[in-house]
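In my numbering, the protein residues as written are 11 to 114.
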């Protein structure tokens, strides 16, 4: 396993449509935010999904585990820190940490 030293933090504003009637973010939204963070990660590293796909590479999500520590609310800003670990020649794993107002 090889950990990449490059990290990227994506800032995401919680939109009203992502919340329930209590103003709390629905759990399914986190996967969308992680996708956005991963896209920005590649772009900042000098690549893009389109470039990778044009070269014949795919990046399917094989597993997703999320541990929720506190609710996220409408109007907050979420910073999603992304890091990557190379598992072997074919697989990479992404790790995400979400911070709301500086708290994880």
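Note that beta-carbon positions come from the ideal geometry of N, C-alpha and C, so glycine has one too.
Backbone CA spacing between residue 62 and residue 49 [nearest angstrom]: In the chain shown, counting from the first residue as 1, residue 62 sits at position 52. In the chain shown, counting from the first residue as 1, residue 49 sits at position 39. Using only the alpha carbons, I get a separation of about 11 Å.
Exposed or buried, residue 32, counting other C-beta atoms within 10 Å across all chains shown (16 or more means buried)? Within the chain shown, the letter at position 22 stands for residue 32. Looking at its Cβ environment, which holds fewer than 16 other Cβ atoms inside 10 Å, residue 32 is exposed.
Give the range of the alpha helix (DSSP H) segment to which residue 49 is assigned. As a position in the chain shown, residue 49 is number 39, starting the count at 1. Note, residue 49: alpha helix (DSSP H), 39-54.
Simplified DSSP assignment, three categories, for residue 84: Position 74 of the chain shown holds residue 84. Three-state DSSP puts residue 84 in coil, outside helix and strand.
Continuous alpha helix (DSSP H) stretch holding residue 59: start and end: As a working note, residue 59 is residue 49 in the chain shown. Start and end: 59-64.
Under 6 Å Cβ to Cβ from residue 23, same chain only, skipping five residues before and after it: list those, please. Your numbering for residue 23 matches position 13 in the chain shown. Cβ neighbours of residue 23 beyond the five flanking positions: 87.
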